[in-house]
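Everything on this sheet refers to the single structure shown next.
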Amino acid sequence: MRLISLDQCQAGIKLGRPIYNENGVVLLAEGVELTDKLIDKLKQYNVSTIYIEDAASEGIEIVDAIPEELRMEAINTIKVGLSDIAQLSVAHSNIQSMMKSGRAIRSFQKIFRGIISNLTENRMAINLLATTKIQESYVYTHSLNVAIYSCQLALENGLPLKDIEEIGLGAMLHDLGKLYVSRDILQKPGKLTDEEFEQVKQHCQLGFDTIRKVHEIPLPVAHCALQHHERIDGAGYPRGLTGDEIHRYAKIISVIDVFDAVTNPRPYRSAELPHKGLELLYAGSGTQFDSRQVDMFKKCIAIYPPGLTVKLNDGRVGIVSEYNFHAVGRPQIRIIQDAEQQKVKPYEIDLTLQENLTLEIVEAAALLPS
(Lines of atoms letter the chains of each structure in order from A; the text may use other names.)
(Lines give C-alpha, C1' and ligand atoms only; values in the text may rest on other atoms or scores of the structure.)
Protein backbone atom coordinates (compact mmCIF):
# COMPACT_ATOMS: atom_id res chain seq x y z
CA MET A 0 0.00 0.00 0.00
CA ARG A 1 1.11 3.56 -0.60
CA LEU A 2 -0.08 7.14 -0.31
CA ILE A 3 -0.32 9.38 -3.36
CA SER A 4 -1.67 12.80 -4.20
CA LEU A 5 -5.05 12.72 -5.92
CA ASP A 6 -3.46 14.75 -8.73
CA GLN A 7 -1.30 11.69 -9.47
CA CYS A 8 -4.30 9.37 -9.53
CA GLN A 9 -5.44 7.63 -12.73
CA ALA A 10 -8.52 5.59 -13.58
CA GLY A 11 -8.13 1.90 -12.74
CA ILE A 12 -6.29 2.46 -9.44
CA LYS A 13 -7.68 0.48 -6.49
CA LEU A 14 -8.30 2.18 -3.14
CA GLY A 15 -6.23 0.78 -0.29
CA ARG A 16 -8.33 2.38 2.44
CA PRO A 17 -11.83 3.86 2.69
CA ILE A 18 -12.30 7.59 2.17
CA TYR A 19 -14.42 9.55 4.64
CA ASN A 20 -16.06 12.92 4.29
CA GLU A 21 -15.65 15.66 6.89
CA ASN A 22 -18.51 14.17 8.94
CA GLY A 23 -16.95 10.71 9.12
CA VAL A 24 -19.26 9.16 6.50
CA VAL A 25 -17.63 6.69 4.07
CA LEU A 26 -17.49 8.20 0.58
CA LEU A 27 -15.73 5.25 -1.05
CA ALA A 28 -14.95 1.84 0.42
CA GLU A 29 -11.61 0.07 0.46
CA GLY A 30 -10.99 -1.91 -2.73
CA VAL A 31 -13.06 0.33 -5.03
CA GLU A 32 -11.53 0.76 -8.48
CA LEU A 33 -11.44 4.45 -9.33
CA THR A 34 -12.88 5.89 -12.52
CA ASP A 35 -12.36 9.36 -13.97
CA LYS A 36 -15.84 10.26 -12.72
CA LEU A 37 -15.05 9.10 -9.17
CA ILE A 38 -11.72 10.98 -9.19
CA ASP A 39 -13.51 14.18 -10.21
CA LYS A 40 -16.05 13.59 -7.44
CA LEU A 41 -13.27 13.22 -4.84
CA LYS A 42 -11.79 16.53 -6.01
CA GLN A 43 -15.18 18.16 -5.45
CA TYR A 44 -15.03 16.87 -1.86
CA ASN A 45 -11.55 18.44 -1.50
CA VAL A 46 -9.85 15.07 -1.03
CA SER A 47 -6.15 15.69 -1.65
CA THR A 48 -4.49 12.32 -0.93
CA ILE A 49 -5.52 8.67 -1.07
CA TYR A 50 -4.10 5.26 -0.19
CA ILE A 51 -3.84 2.83 -3.09
CA GLU A 52 -2.98 -0.84 -3.55
CA ASP A 53 -0.65 -1.72 -6.41
CA ALA A 54 2.09 -4.20 -7.29
CA ALA A 55 4.85 -1.62 -6.75
CA SER A 56 3.91 -1.16 -3.08
CA GLU A 57 3.21 -4.80 -2.29
CA GLY A 58 4.43 -5.77 1.17
CA ILE A 59 4.78 -2.20 2.45
CA GLU A 60 2.86 -1.97 5.70
CA ILE A 61 1.35 1.29 6.93
CA VAL A 62 0.49 1.59 10.60
CA ASP A 63 -1.41 4.67 11.74
CA ALA A 64 -1.20 5.58 15.41
CA ILE A 65 -4.57 7.33 15.17
CA PRO A 66 -7.44 5.67 13.22
CA GLU A 67 -8.98 7.79 10.50
CA GLU A 68 -12.43 7.50 12.09
CA LEU A 69 -11.11 9.00 15.32
CA ARG A 70 -9.41 11.83 13.44
CA MET A 71 -12.65 12.74 11.66
CA GLU A 72 -14.63 12.61 14.91
CA ALA A 73 -11.99 14.81 16.55
CA ILE A 74 -12.12 17.41 13.76
CA ASN A 75 -15.89 17.73 14.16
CA THR A 76 -15.60 17.94 17.96
CA ILE A 77 -13.00 20.70 17.68
CA LYS A 78 -15.03 22.60 15.08
CA VAL A 79 -18.19 22.64 17.22
CA GLY A 80 -16.37 23.00 20.54
CA LEU A 81 -14.21 25.99 19.58
CA SER A 82 -17.27 27.78 18.24
CA ASP A 83 -19.22 27.14 21.46
CA ILE A 84 -16.38 28.32 23.70
CA ALA A 85 -15.72 31.37 21.53
CA GLN A 86 -19.31 32.50 22.14
CA LEU A 87 -18.35 33.27 25.73
CA SER A 88 -16.50 36.36 24.54
CA VAL A 89 -19.76 37.69 23.15
CA ALA A 90 -22.23 36.28 25.66
CA HIS A 91 -20.17 36.95 28.81
CA SER A 92 -22.19 35.40 31.66
CA ASN A 93 -24.95 33.92 29.48
CA ILE A 94 -25.92 30.65 31.20
CA GLN A 95 -26.65 28.83 27.94
CA SER A 96 -23.20 29.70 26.56
CA MET A 97 -21.56 28.52 29.79
CA MET A 98 -23.38 25.19 29.51
CA LYS A 99 -22.32 24.81 25.88
CA SER A 100 -18.72 25.49 26.83
CA GLY A 101 -18.84 22.89 29.57
CA ARG A 102 -20.19 20.30 27.13
CA ALA A 103 -17.47 21.23 24.65
CA ILE A 104 -14.74 20.65 27.22
CA ARG A 105 -16.15 17.25 28.14
CA SER A 106 -16.25 16.34 24.43
CA PHE A 107 -12.63 17.46 24.03
CA GLN A 108 -11.60 15.37 27.01
CA LYS A 109 -13.38 12.30 25.65
CA ILE A 110 -11.72 12.65 22.25
CA PHE A 111 -8.30 13.25 23.73
CA ARG A 112 -8.55 10.20 25.98
CA GLY A 113 -9.19 8.18 22.83
CA ILE A 114 -6.05 9.69 21.30
CA ILE A 115 -4.00 8.89 24.41
CA SER A 116 -5.29 5.31 24.41
CA ASN A 117 -4.27 4.77 20.78
CA LEU A 118 -0.83 6.31 21.25
CA THR A 119 -0.04 4.35 24.42
CA GLU A 120 -1.09 1.09 22.76
CA ASN A 121 1.08 1.83 19.72
CA ARG A 122 4.31 3.30 21.06
CA MET A 123 6.21 3.91 17.84
CA ALA A 124 7.30 6.92 15.83
CA ILE A 125 3.96 8.47 15.07
CA ASN A 126 2.81 8.33 11.45
CA LEU A 127 0.66 11.41 11.09
CA LEU A 128 1.91 12.90 7.88
CA ALA A 129 0.71 10.02 5.73
CA THR A 130 -3.05 10.09 5.99
CA THR A 131 -5.98 10.51 3.60
CA LYS A 132 -6.64 14.22 3.73
CA ILE A 133 -9.80 16.18 3.18
CA GLN A 134 -8.89 19.85 3.23
CA GLU A 135 -10.67 21.43 6.18
CA SER A 136 -10.36 24.74 7.95
CA TYR A 137 -6.72 25.21 8.90
CA VAL A 138 -7.51 26.20 12.50
CA TYR A 139 -9.36 22.92 13.15
CA THR A 140 -6.92 20.54 11.46
CA HIS A 141 -3.94 22.39 12.92
CA SER A 142 -5.46 22.21 16.41
CA LEU A 143 -5.94 18.45 16.07
CA ASN A 144 -2.43 17.84 14.70
CA VAL A 145 -0.86 19.89 17.48
CA ALA A 146 -2.92 17.98 20.06
CA ILE A 147 -1.83 14.57 18.75
CA TYR A 148 1.83 15.53 18.36
CA SER A 149 1.76 17.13 21.81
CA CYS A 150 0.35 13.98 23.35
CA GLN A 151 3.12 11.92 21.78
CA LEU A 152 5.76 14.36 22.99
CA ALA A 153 4.24 14.45 26.48
CA LEU A 154 4.38 10.65 26.58
CA GLU A 155 8.02 10.85 25.47
CA ASN A 156 8.62 13.22 28.40
CA GLY A 157 7.21 10.59 30.75
CA LEU A 158 4.59 12.98 32.13
CA PRO A 159 1.69 11.74 34.29
CA LEU A 160 -1.75 11.26 32.73
CA LYS A 161 -3.17 14.42 34.34
CA ASP A 162 -0.46 16.56 32.71
CA ILE A 163 -0.86 14.84 29.35
CA GLU A 164 -4.61 15.51 29.36
CA GLU A 165 -4.04 19.17 30.22
CA ILE A 166 -1.44 19.52 27.47
CA GLY A 167 -3.84 17.91 24.99
CA LEU A 168 -6.65 20.24 25.94
CA GLY A 169 -4.28 23.19 25.80
CA ALA A 170 -3.17 22.12 22.31
CA MET A 171 -6.76 21.81 21.08
CA LEU A 172 -7.54 25.29 22.39
CA HIS A 173 -4.23 27.05 21.71
CA ASP A 174 -5.49 28.88 18.61
CA LEU A 175 -9.00 29.62 19.93
CA GLY A 176 -8.24 33.35 19.77
CA LYS A 177 -7.92 33.20 15.97
CA LEU A 178 -11.70 32.87 15.79
CA TYR A 179 -11.80 36.54 16.85
CA VAL A 180 -9.34 37.68 14.16
CA SER A 181 -10.66 38.78 10.77
CA ARG A 182 -10.71 35.91 8.29
CA ASP A 183 -9.53 38.31 5.60
CA ILE A 184 -6.33 38.83 7.59
CA LEU A 185 -5.81 35.14 8.41
CA GLN A 186 -6.29 34.16 4.77
CA LYS A 187 -4.47 37.08 3.19
CA PRO A 188 -2.23 35.73 0.39
CA GLY A 189 0.40 38.43 0.70
CA LYS A 190 2.56 39.82 3.50
CA LEU A 191 0.69 41.29 6.46
CA THR A 192 1.06 44.96 7.28
CA ASP A 193 2.42 45.85 10.73
CA GLU A 194 -1.11 46.73 11.83
CA GLU A 195 -2.52 43.43 10.56
CA PHE A 196 0.23 41.45 12.27
CA GLU A 197 -0.55 43.23 15.55
CA GLN A 198 -4.14 42.06 15.18
CA VAL A 199 -2.99 38.46 14.61
CA LYS A 200 -0.76 38.61 17.68
CA GLN A 201 -3.80 39.48 19.79
CA HIS A 202 -5.16 35.92 19.34
CA CYS A 203 -2.96 34.71 22.22
CA GLN A 204 -4.46 37.12 24.76
CA LEU A 205 -7.98 36.75 23.34
CA GLY A 206 -7.82 32.97 23.64
CA PHE A 207 -6.45 33.19 27.18
CA ASP A 208 -9.15 35.61 28.31
CA THR A 209 -11.92 33.39 26.93
CA ILE A 210 -10.57 30.09 28.26
CA ARG A 211 -10.28 31.54 31.77
CA LYS A 212 -14.07 32.03 31.79
CA VAL A 213 -14.69 28.27 31.56
CA HIS A 214 -14.55 26.93 35.09
CA GLU A 215 -13.92 23.34 33.96
CA ILE A 216 -10.58 24.30 32.38
CA PRO A 217 -7.41 24.34 34.56
CA LEU A 218 -5.42 27.59 34.39
CA PRO A 219 -2.31 25.95 32.81
CA VAL A 220 -4.49 25.13 29.78
CA ALA A 221 -5.24 28.82 29.33
CA HIS A 222 -1.51 29.56 29.48
CA CYS A 223 -1.02 27.29 26.44
CA ALA A 224 -3.12 29.74 24.44
CA LEU A 225 -1.35 32.73 25.93
CA GLN A 226 2.26 31.52 25.63
CA HIS A 227 2.55 29.26 22.56
CA HIS A 228 4.26 32.07 20.62
CA GLU A 229 6.69 32.95 23.42
CA ARG A 230 10.34 32.06 22.79
CA ILE A 231 12.92 31.19 25.45
CA ASP A 232 15.24 34.02 24.34
CA GLY A 233 12.46 36.57 24.87
CA ALA A 234 11.84 37.21 21.16
CA GLY A 235 8.27 35.89 21.21
CA TYR A 236 4.89 37.45 21.99
CA PRO A 237 2.65 38.66 23.57
CA ARG A 238 4.77 39.31 26.68
CA GLY A 239 8.35 38.56 25.62
CA LEU A 240 8.79 35.92 28.34
CA THR A 241 12.12 34.10 28.67
CA GLY A 242 13.31 30.68 29.84
CA ASP A 243 11.41 29.31 32.83
CA GLU A 244 8.96 32.21 32.73
CA ILE A 245 7.27 30.18 29.97
CA HIS A 246 5.01 27.36 31.18
CA ARG A 247 6.40 23.88 30.46
CA TYR A 248 3.23 22.97 28.56
CA ALA A 249 3.69 25.96 26.27
CA LYS A 250 7.31 24.93 25.60
CA ILE A 251 6.05 21.60 24.27
CA ILE A 252 3.22 23.08 22.23
CA SER A 253 5.39 25.85 20.71
CA VAL A 254 7.71 23.29 19.10
CA ILE A 255 4.81 21.40 17.54
CA ASP A 256 2.86 24.50 16.59
CA VAL A 257 5.77 25.72 14.44
CA PHE A 258 6.47 22.32 12.88
CA ASP A 259 2.86 21.71 11.86
CA ALA A 260 2.46 25.29 10.65
CA VAL A 261 5.47 25.24 8.31
CA THR A 262 4.71 21.75 6.92
CA ASN A 263 1.19 22.75 5.85
CA PRO A 264 0.31 25.24 3.10
CA ARG A 265 -0.95 28.69 3.98
CA PRO A 266 -2.46 31.36 1.71
CA TYR A 267 0.78 33.36 1.84
CA ARG A 268 3.27 30.49 1.33
CA SER A 269 3.63 26.88 0.25
CA ALA A 270 4.35 24.04 2.68
CA GLU A 271 7.86 22.91 3.56
CA LEU A 272 8.93 19.26 3.47
CA PRO A 273 9.08 17.68 6.95
CA HIS A 274 12.88 17.50 7.16
CA LYS A 275 12.98 21.23 6.42
CA GLY A 276 10.54 21.77 9.28
CA LEU A 277 12.88 19.87 11.60
CA GLU A 278 15.85 21.89 10.36
CA LEU A 279 13.96 25.06 11.29
CA LEU A 280 13.38 23.73 14.81
CA TYR A 281 17.05 22.78 15.21
CA ALA A 282 18.12 26.21 13.98
CA GLY A 283 16.15 27.69 16.89
CA SER A 284 17.02 24.99 19.43
CA GLY A 285 18.31 26.53 22.66
CA THR A 286 17.37 30.05 21.60
CA GLN A 287 13.74 30.02 20.48
CA PHE A 288 12.81 26.47 21.49
CA ASP A 289 13.64 24.19 24.40
CA SER A 290 16.42 21.97 22.99
CA ARG A 291 15.29 18.91 24.96
CA GLN A 292 11.80 19.12 23.44
CA VAL A 293 13.20 19.50 19.93
CA ASP A 294 15.41 16.42 20.38
CA MET A 295 12.57 14.31 21.74
CA PHE A 296 10.15 15.48 19.05
CA LYS A 297 12.53 14.23 16.38
CA LYS A 298 12.46 10.77 17.97
CA CYS A 299 8.71 10.41 18.23
CA ILE A 300 7.48 11.25 14.72
CA ALA A 301 7.99 9.49 11.41
CA ILE A 302 8.47 12.40 9.02
CA TYR A 303 8.79 10.17 5.95
CA PRO A 304 6.70 7.12 6.91
CA PRO A 305 6.42 3.85 4.95
CA GLY A 306 4.01 4.07 2.03
CA LEU A 307 4.81 7.68 1.13
CA THR A 308 5.57 8.31 -2.55
CA VAL A 309 8.61 10.61 -2.96
CA LYS A 310 10.88 12.07 -5.63
CA LEU A 311 14.66 12.28 -5.26
CA ASN A 312 16.96 15.05 -6.44
CA ASP A 313 18.23 12.85 -9.30
CA GLY A 314 14.67 12.61 -10.68
CA ARG A 315 13.89 9.05 -9.56
CA VAL A 316 10.56 8.30 -7.92
CA GLY A 317 10.04 5.75 -5.19
CA ILE A 318 8.02 4.63 -2.19
CA VAL A 319 9.32 4.84 1.36
CA SER A 320 9.63 1.18 2.31
CA GLU A 321 11.36 1.41 5.69
CA TYR A 322 11.88 4.18 8.24
CA ASN A 323 15.39 4.92 9.53
CA PHE A 324 15.01 6.02 13.15
CA HIS A 325 18.65 7.14 13.38
CA ALA A 326 18.31 9.37 10.28
CA VAL A 327 14.72 10.54 10.07
CA GLY A 328 15.09 12.42 6.79
CA ARG A 329 16.83 9.54 5.02
CA PRO A 330 14.57 6.47 4.82
CA GLN A 331 14.88 3.36 2.67
CA ILE A 332 13.24 3.88 -0.72
CA ARG A 333 11.75 1.40 -3.20
CA ILE A 334 12.51 2.97 -6.59
CA ILE A 335 9.65 2.56 -9.10
CA GLN A 336 10.53 5.16 -11.78
CA ASP A 337 13.81 6.27 -13.29
CA ALA A 338 14.98 9.86 -13.80
CA GLU A 339 12.92 10.08 -17.01
CA GLN A 340 9.80 9.02 -15.07
CA GLN A 341 9.70 5.65 -16.81
CA LYS A 342 8.57 2.61 -14.81
CA VAL A 343 11.35 0.25 -13.73
CA LYS A 344 11.47 -3.07 -11.95
CA PRO A 345 11.28 -2.00 -8.27
CA TYR A 346 14.53 -2.02 -6.30
CA GLU A 347 15.57 -0.75 -2.87
CA ILE A 348 18.06 1.97 -1.93
CA ASP A 349 18.99 3.15 1.57
CA LEU A 350 19.60 6.90 1.77
CA THR A 351 21.83 6.45 4.83
CA LEU A 352 24.48 4.48 2.92
CA GLN A 353 27.69 6.26 1.91
CA GLU A 354 27.06 5.84 -1.82
CA ASN A 355 23.65 7.52 -1.49
CA LEU A 356 24.55 10.53 0.67
CA THR A 357 24.27 12.92 -2.28
CA LEU A 358 20.62 11.91 -2.70
CA GLU A 359 17.78 13.63 -0.89
CA ILE A 360 14.00 13.80 -1.01
CA VAL A 361 12.87 16.91 -2.88
CA GLU A 362 9.19 16.17 -3.41
CA ALA A 363 6.43 14.36 -1.55
CA ALA A 364 3.25 15.53 -3.22
CA ALA A 365 0.99 13.85 -0.67
CA LEU A 366 2.54 16.02 2.06
CA LEU A 367 2.34 19.26 0.11
CA PRO A 368 -1.32 19.74 -0.89
CA SER A 369 -1.97 22.84 -2.92
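Sequential numbering of the sequence shown, starting at 0, is according to numbering that gives the first Met the number 0.
The beta-carbon is built from N, C-alpha and C at its ideal position, and this holds for glycine as well.
None of the values given here were measured: they were computed from a predicted structure.
query: Segment contact, 8 Å Cβ cut-off, at least three pairs: the stretch 259 to 274 with the stretch 222 to 239; result: no
query: Whole-Å CB distance - Leu41 paired with Ile74, under 8 Å assumed; result: About 18 Å; that fails the 8 Å criterion.
query: Coil, strand or helix - Gln151 by DSSP; result: helix
query: Per-residue DSSP class, three states only, for Lys344; result: strand
query: 7 Å CB neighbourhood of Pro188 in its chain, flanking five on each side removed; result: Pro266 and Tyr267
query: Pairwise C-alpha distance: Lys177 and Leu191; result: 15 Å
query: Cβ-Cβ separation, Leu87 to Ser106 (assumed contact under 8 Å), whole Å; result: Actually they are not in contact, since the Cβ atoms of Ser106 and Leu87 sit about 16 Å apart, beyond 8 Å.
query: Spatial neighbours of His246 in its chain, beta-carbon cut-off 8 Å, leaving aside the 5 residues before and after; result: Pro219, His222, Cys223 and Gln226
query: Residues of its chain near Gly15, where Cβ-Cβ distance is below 6 Å and the 5 sequence neighbours each way are ignored; result: Met0, Tyr50, Ile51 and Glu52
query: Contacting residues, own chain, Cβ-Cβ under 7 Å from Glu72 (five flanking each side not counted); result: Gly23 and Ile110
query: Gln43, enclosing beta strand (DSSP E) - first and last residue; result: Run containing Gln43: none in the beta strand (DSSP E); it sits in the alpha helix (DSSP H), Asp35 to Gln43.
query: Backbone CA spacing between Asn45 and Ser4 [nearest angstrom]; result: 12 Å
query: N- and C-terminal bounds of the beta strand (DSSP E) containing Thr48; result: Thr48 to Glu52
query: Inter-residue Cα distance where the pair is Ile348 and Ile334; result: 7 Å
query: Rounded Cβ spacing between Val145 and His173 (contact assumed at less than 8 Å); result: 6 Å
query: Delimiting residues of the beta strand (DSSP E) encompassing Ser269; result: Careful: Ser269 lies outside any beta strand (DSSP E) and carries neither H nor E.
query: Cα-Cα separation between Glu120 and Ile255, rounded to whole angstroms; result: 22 Å
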